[in-house]
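Undergrad: Numbering (the numbering used here), first residue to last: 1333 to 2015.
1. Which value, in whole angstroms, describes the spacing of the CA atoms of residue 2004 and residue 1964?
2. Is residue 1518 near the ligand NAD - that is, is its Cβ less than 8 angstroms away from at least one heavy atom of it?
3. Quick one: using the 10 Å Cβ neighbour count with 16 as the cut-off for buried, is residue 1342 buried or exposed?
4. Mind checking whether residue 1989 and residue 1906 have CB atoms under 9 angstroms apart?
5. Between the stretch 1701-1720 and the stretch 1920-1928, can you find at least three pairs of beta-carbon atoms closer than 8 angstroms?
6. Which residue spans inside the stretch 1372-1399 form an unbroken alpha helix (DSSP H) run of at least 4?
7. Whole angstroms is fine: what's the gap from residue 1656's alpha carbon to residue 1557's?
8. Check whether the stretch 1614-1627 and the stretch 1728-1739 are in contact - that is, three or more C-beta pairs closer than 8 angstroms.
9. What are the start and end residues of each continuous alpha helix (DSSP H) run of 4 or more residues lying completely inside the stretch 1942-1983, in chain order?
10. What does a CB cutoff of less than 6 angstroms around residue 1722 pick up in its chain, not counting 5 residues either side in sequence?
11. Would you mind stating whether residue 1749 and residue 1390 have Cβ atoms separated by less than 9 angstroms?
12. For the 8 angstroms Cβ check, are there 3 or more pairs between the stretch 1431-1439 and the stretch 1523-1533?
13. Please return the same chain residues whose Cβ sits closer than 8 angstroms to the Cβ of residue 1739, not counting the five positions on each side in sequence.
14. DSSP state of residue 1986, grouped into three classes?
15. Measuring alpha carbon to alpha carbon, tell me which of 1448, 1478, 1368 ends up nearest residue 1516.
16. For a minimum of 4 consecutive residues, which ranges assigned as the alpha helix (DSSP H) are wholly contained in the stretch 1603-1654?
17. Taking its Cβ as the centre, do 16 or more other Cβ atoms sit within 10 Å of residue 1403, making it buried, or is it exposed?
18. Should the stretch 1940-1954 be called in touch with the stretch 1843-1852, which here means at least 3 C-beta pairs below 8 angstroms?
19. Suppose only complete runs of 3+ residues qualify. What are the beta strand (DSSP E) ranges in the stretch 1890-1924, listed by chain order?
20. To the nearest whole angstrom, what separates the beta carbons of residue 1878 and residue 1943, a pair I think is in contact under 8 angstroms?
21. Excluding the 5 residues preceding and the 5 following residue 1360 in the sequence, name in chain order all residues of the same chain whose CB lies nearer than 7 angstroms to its CB.
22. Over the uninterrupted alpha helix (DSSP H) stretch that includes residue 1882, give me the two end residues.
23. Residue range of the alpha helix (DSSP H) that residue 1789 falls in?
24. Tell me which same chain residues have a C-beta within less than 7 angstroms of the C-beta of residue 2011, skipping the five on either side of it?
25. So residue 1502 is in the beta strand (DSSP E); what residue range does that whole segment cover?
26. Look up residue 1507 in the DSSP assignment and say whether it is helix, strand or coil.
27. Taking 7 angstroms as the limit between beta carbons, can you name the residues of its chain near residue 1835, skipping five residues before and five after?
28. Once the 5 residues before and after residue 1992 are set aside, which same chain residues still bring their CB inside 7 angstroms of it?
29. Which same chain residues end up closer than 7 angstroms to residue 2001 when comparing Cβ atoms and leaving out the 5 residues on each side of it in sequence?
30. In terms of alpha-carbon separation, which member of 1464, 1462, 1449, 1430 lies closest to residue 1471?
31. Under 9 angstroms between the Cβ atoms of residue 1955 and residue 1967?
32. Cβ atoms of residue 1981 and residue 1830: under 9 angstroms apart, would you say?
33. Where does residue 1566 fall in DSSP's three states?
34. Straight-line CA distance for residue 2017 to residue 1743?
35. Starting from residue 1701, trace the beta strand (DSSP E) in both directions and tell me its first and last residue.
36. In whole angstroms, give me the CA-to-CA distance for residue 1357 and residue 1365.
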């Protein structure tokens, strides 16, 4: 209450009613060492309802994490360790950034999956509960989390995956910002989770008509949930939001605003506290709570013994564990990358699939799959088993609980957030695939991956109208620049198979941000490098001179990505034949190019050359900053249509001929003497 009053804003109600549950969890159940928040053997805790950040901050403070009472006083203030919603990497003990509801719950599912995969990599034969890689993922969620569609997707998959290392406490308080949730919610949540295949428990602190914070009953449910290793567990905890505030408890008013001085004073009187005092934490209370830190260090020491014994018995696995935990790539791993034969037509999605299969033996940490589009996305590493309980394996996808190929089902949004959870957990590196158009379904999770700087890779195929007959609902037009607008996300659209190999290599060399590969359905020619066509190595810089002007002094620049690079090359040939020195720049990744030093960027795109054309089968929104006031853009400022891809490119004017015309128009606008104009026929 005091923290929200001090801040002038915040969410006090849930933090008040959840205080006993959070304290019980941190004191009795969470395997943690507050003196080493990143201890590999710790349990993970996710506060999915991030608006009640005080629920977490107060337990971190009481448990002895590096968070002080002054930090609590600085809630929601500039440069504090207690921002309005918990932020991963900002506050020690915060496992993931939460706030957008449902995301944290899906992150927890990903963490539980990652824990199982990690155990399978390093200690698959240990009895249940006896491996140093065994730990529990705990989460607290709210009515809002439960209502969000992403929680349906993620929870269904968690039940299907039999994630017995996941326990979720549902704060069933029946209140949201619009007051009583019955205005918009009436389903039986417990029955829903039972239908998903979860182990469901109920603890009702309102039972009997008088509110009683029955911590013992909750402890019994938590014990039972932890003991259940064959299914994820869901504990519905009926609380009264804001209890015991006399006037605002059980109302929407206490959800997201300060109580006010009078209500705070009245509540403190009920609790036997002095209304005139604020931020009072008696020394004996703090000392008692911080005994959990001693217990955590003792638990950590026991774990160290088990971990050391495992290391001694498994030196090769231990060496691999150390490498992967440090996110270090193995020596010589790039030797596994395939080189594609020039002249052979291959879709970049197919090239990506071959690259993944080639990397499988040398990068065991790399794993992933698709949102029910494996055959289209080419995301299945050849011969690798599926990550699935054995009873659900199929003829086409055999596997087991420690497999490598992920199957998300038609759940793009959950896939994105689960990938985040896998990356946050550590120990492995995930990728996930769908069509580029459906990146819209997963965008909130992609944004959070960028915000948290997570090394997640998205395999987004069917990257333009080039997918053809499926029509405008499936043809991305605005998606590329919409995704490029996300700070910290690398969007990579390679021009051919060998650029795709360089793209994968470069993505995997980055540990501090997510990347999306935009790949074609249609086959593209594999460029013959050399003899005027530069090496695909240039793709690592985001943009490079693919084919320079014949005299080395271009009067027009053509900047292209993906499948349109071949059109740019054809246009260059025509322009050169007509006497116009033309440079083609392949720019698979704007973000990588912008990260280069200014001299390199000016070398590729000389400022003196004002005649420029961008070529990309989508909206030209961001290309205008590259082509300038004299530039032209060949793109698509409208939705697509259903037809074969060759017809679509021709009908919509994304052709080499159109690029030539655009180049001539740009030359005229740039004021290049005698350039771009035809000749008269005389009198």
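Glycine included, each C-beta is placed from N, C-alpha and C at the ideal position.
TA: So, from the listed chains and residues:
1. For residue 2004 and residue 1964, the distance between alpha carbons rounds to 15 angstroms.
2. Absence of the ligand NAD is noted for the structure shown, with no ligands found whatsoever.
3. With 16 or more other Cβ atoms within 10 Å, it is buried.
4. Cβ atoms of residue 1989 and residue 1906: closer than 9 angstroms.
5. Result no; under three Cβ-Cβ pairs closer than 8 angstroms.
6. Taking only runs of at least 4 residues, the alpha helix (DSSP H) segments lying wholly in the stretch 1372-1399 are 1385-1395.
7. If you draw a straight line from the Cα of residue 1656 to the Cα of residue 1557, it is about 31 angstroms long.
8. Contact between the stretch 1614-1627 and the stretch 1728-1739 is absent, because fewer than three Cβ pairs lie under 8 angstroms.
9. With a minimum length of 4 residues, the continuous alpha helix (DSSP H) runs that stay inside the stretch 1942-1983 are 1956-1959, 1977-1983.
10. Cβ contact annotation for residue 1722 (same chain, cutoff 6 angstroms, sequence separation greater than five): 1732, in chain order.
11. Contact annotation: residue 1749 and residue 1390 have beta-carbon atoms that are not nearer than 9 angstroms.
12. Not touching, per the Cβ criterion.
13. Contacts found: 1701, 1702, 1704, 1706, 1718, 1719, 1720, 1729.
14. The DSSP-derived three-state label of residue 1986 is coil.
15. Taking only the C-alpha atoms, the option nearest residue 1516 is 1478.
16. Counting whole runs of 4 or more residues, the stretch 1603-1654 contains the alpha helix (DSSP H) stretches 1615-1621, 1623-1645.
17. By the 10 Å Cβ count, residue 1403 comes out buried.
18. Verdict: no, contact absent.
19. Runs found: 1914-1918.
20. So it is not a contact: roughly 18 angstroms between Cβ atoms.
21. Excluding positions up to five away in sequence, the list reads 1551.
22. Per DSSP, residue 1882 lies in no alpha helix (DSSP H) and is assigned neither H nor E.
23. Looking at the DSSP string, residue 1789 is not in any alpha helix (DSSP H); the run it does join, the beta strand (DSSP E), is 1789-1793.
24. For residue 2011, the predicted model reports a pLDDT of 48, less than 50, meaning its position is unreliable; a value from the coordinates is still stated below. So the list is empty, once near-sequence residues are dropped.
25. Under the DSSP assignment, residue 1502 falls in the beta strand (DSSP E) whose first and last residues are 1498-1504.
26. Correct three-state label for residue 1507: strand.
27. Hits under 7 angstroms: 1824, 1826, 1849, 1871, 1920.
28. Excluding five sequence positions before and after residue 1992, the CB atoms of its chain that fall closer than 7 angstroms to its own CB belong to 1903, 1906, 1907, given in chain order.
29. Counting only Cβ-Cβ distances below 7 angstroms, and skipping sequence neighbours, we find 1962.
30. Comparing Cα positions, the closest option is 1430.
31. Against a cut-off of 9 angstroms, the Cβ pair of residue 1967 and residue 1955 comes out as a contact.
32. No, Cβ-Cβ distance for residue 1830 and residue 1981 is not below 9 angstroms.
33. Strand at residue 1566.
34. Only positions 1333 to 2015 of the chain appear in this structure, which leaves residue 2017 out of reach.
35. First-last of the beta strand (DSSP E) with residue 1701: 1698-1702.
36. Rounded to whole angstroms, the separation of the alpha carbons of residue 1365 and residue 1357 is 14 angstroms.
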